[in-house]
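A.B. asks:
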Amino acid sequence: MNNKNTKQNTVKKSVSYSGIALHTGVRAHLTINPAPESSGIIFRRIDLPDKPSVLATAMNVVDVRRGTTIAAGNAAVSTVEHVMAALTAYNVDNAIVDMDGPEPPIGDGSALPYVEMLQKSGIEEQKADALYWSPSEPIITEEGVSTSIIVPHENFKISCMVDFAGTPLGTQYYSAEITRDEFSENIASARTLCDYKDLEQLIAMGLVKGGSLDNAIVIHDGAIISKEGLRFPDELVRHKVLDLVGDFSLIGRRLKAHIITIKPGHATNVIVAQKIVQTMVAENK
Ligand SMILES: [Zn+2]
624 MNNKNTKQNT VKKSVSYSGI ALHTGVRAHL TINPAPESSG IIFRRIDLPD KPSVLATAMN
684 VVDVRRGTTI AAGNAAVSTV EHVMAALTAY NVDNAIVDMD GPEPPIGDGS ALPYVEMLQK
744 SGIEEQKADA LYWSPSEPII TEEGVSTSII VPHENFKISC MVDFAGTPLG TQYYSAEITR
804 DEFSENIASA RTLCDYKDLE QLIAMGLVKG GSLDNAIVIH DGAIISKEGL RFPDELVRHK
864 VLDLVGDFSL IGRRLKAHII TIKPGHATNV IVAQKIVQTM VAENK
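Start counting the sequence shown at 624; every next residue gets the next number (the numbering used here).
1. For C817, collect the residues of the same chain with a Cβ closer than 6 Å to its Cβ; drop the 5 residues on either side in sequence, then sort them by chain order.
2. Cβ-heavy atom distance between D580 and ligand 1 below 7 Å?
3. Spell out the partners DSSP gives S798 in its beta bridges.
4. With DSSP as the reference, identify every bridge partner of H881, one or two as the case may be.
5. For T629, collect the residues of the same chain with a Cβ closer than 7 Å to its Cβ; drop the 5 residues on either side in sequence, then sort them by chain order.
6. Rounded to whole angstroms, what is the Cα-Cα separation between L710 and Y737?
7. Please determine whether the Cβ atom of T794 lies at a distance below 7 Å from any heavy atom of ligand 3.
8. With DSSP as the reference, please indicate the residues paired to P728 in a beta bridge.
9. Cβ of E704 within 7 Å of any heavy atom in ligand 1?
10. Please work out which residues of its chain come closer than 7 Å, Cβ to Cβ, to V649, disregarding the five sequence neighbours upstream and downstream, and give them in chain order.
11. Would you say the beta carbon of H862 is closer than 7 Å to some non-hydrogen atom of ligand 1?
12. At a cut-off of 7 Å, is T790 close to ligand 1 when judged by its beta-carbon and the heavy atoms of the ligand?
13. Tell me the residue span of the alpha helix (DSSP H) that contains E739.
14. Buried or exposed for A846, please, with buried defined as at least 16 other CB atoms from any protein chain shown within 10 angstroms of its CB.
15. For D686 and Q631, which I take to be in contact (beta-carbon distance under 8 Å), what is that distance rounded to the nearest angstrom?
16. Count the other CB atoms within 10 Å of the CB of S661; is the residue buried (16 or more) or exposed (fewer)?
17. Mark N626 as exposed unless 16 or more other C-beta atoms lie within 10 angstroms of its C-beta, in which case mark it buried.
18. In chain order, what are the residue ranges of uninterrupted beta strand (DSSP E) at least 3 long that sit wholly in the segment 700-729?
19. Which class does V639 belong to by DSSP, given the choice of helix, strand or coil?
20. Where does F572 sit, in a helix, a strand or coil, going by DSSP?
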């Protein structure tokens with residue numbers, strides 16, 4: 624993160640993006656609007672009566688099976704992690720994200736469309752100081768196959784290891800300070816992974832109507848069958864880092880922490896983020 628900028632930010636102007644939603648297959652529209660200081664990132668379902676809002680916080684997460692879903696009242700928004708990751712990398716603390724359905728457009732399965740939106744809108748500095756969170760002691764979480772260790776750090780850093788034994792993807796490791804440039808150049812365009820078997824199952828269930836070989840790295844019997852091939856040899860772990868940035872943004876603060884994680888997933892990320900939010904509330908900071 625850019626430490627010189629210690630003020631909160633929002634977007635300079637509203638900016639929109641539309642495309643196919645992965646699960647429903649309908650055309651979805653998403654608009655990022657400016658928001659007042661200290662309001663956080665708020666998703667608004669403009670297709671529902673009274674346009675209900677959902678604050679992007681770990682405490683509002685209701686589902687982590689295929690992406691991270693947040694909800695409040697009757698309003699749910701799924702797969703928030705990619706747009707949240709882009710907002711975090713651009714130090715956007717406050718924004719209202721309008722959506723006309725439960726899902727954002729999937730785009731190419733990466734955070735690139737959202738980075739391009741923020742480049743278009745520009746960033747507006749606000750008057751209030753940015754709020755940070757740093758762990759006072761290491762936070763260690765073991766959950767299923769995932770391990771996460773969070774230690775204090777002067778900036779926001781992620782070190783991540785994934786292991787796809789028995790596939791050409793193998794073991795991958797990525798470690799970086801999450802700055803705007805690092806995210807835009809090396810992380811944002813990494814796409815999500817999808818196993819062809821799961822894709823078939825989801826199609827049979829009537830889900831992933833918008834899914835194609837264009838918006839994920841698809842592997843079948845250990846081979847990559849997506850049209851485009853890989854964007855980076857270690858695209859998989861880069862996408863895991865992207866998801867980590869998005870999921871940990873649900874803490875609602877900028878991070879001065881090093882997240883060291885082995886085989887992370889949305890479930891573990893959200894459990895840790897919730898733990899941090901609870902600690903913040905308990906410590907009243
Ligand atoms: Zn993802």
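Cβ atoms here follow ideal geometry from the backbone N, Cα and C, with glycine treated the same way.
Remember, predicted model here, so these are calculated numbers, not experimental data.
C.D. replies: According to the data block:
1. The residues are A839, V841.
2. Lying outside 624 to 908, the shown extent of the chain, residue 580 is not represented and no answer is given.
3. Per DSSP, the beta bridge partners of S798 are S782.
4. Its beta-bridge partners are V774, K780.
5. So the list reads D752, A753, once near-sequence residues are dropped.
6. In a straight line, the C-alpha of L710 is about 8 Å away from that of Y737.
7. What this structure holds is ligand 1, not ligand 3.
8. Answer is A644.
9. Flag set: Cβ of E704 near ligand 1.
10. The residues are G724.
11. Yes.
12. Set against 7 Å, the gap from the CB of T790 to the closest heavy atom of ligand 1 is not smaller.
13. Per DSSP, E739 belongs to the alpha helix (DSSP H) from 735-744.
14. With fewer than 16 other beta carbons inside 10 angstroms of its own, A846 counts as exposed.
15. The pair is not a contact, with the Cβ atoms about 29 Å apart (cut-off 8 Å).
16. Residue environment analysis places S661 among the exposed positions, since fewer than 16 neighbouring C-beta atoms fall within 10 angstroms of its C-beta.
17. Confidence at N626 is low in this model, with a pLDDT of 48, below 50, so its placement is unreliable and the value that follows should be read with caution. It is exposed - the Cβ of N626 has fewer than 16 other Cβ atoms within 10 Å.
18. Runs of the beta strand (DSSP E) inside the segment 700-729: 718-722.
19. It should be pointed out that residue 639 corresponds to Ser in this sequence rather than to Val. Three-state result, S639: strand.
20. The first residue shown for the chain is 624 and the last is 908, placing residue 572 beyond what the model contains.
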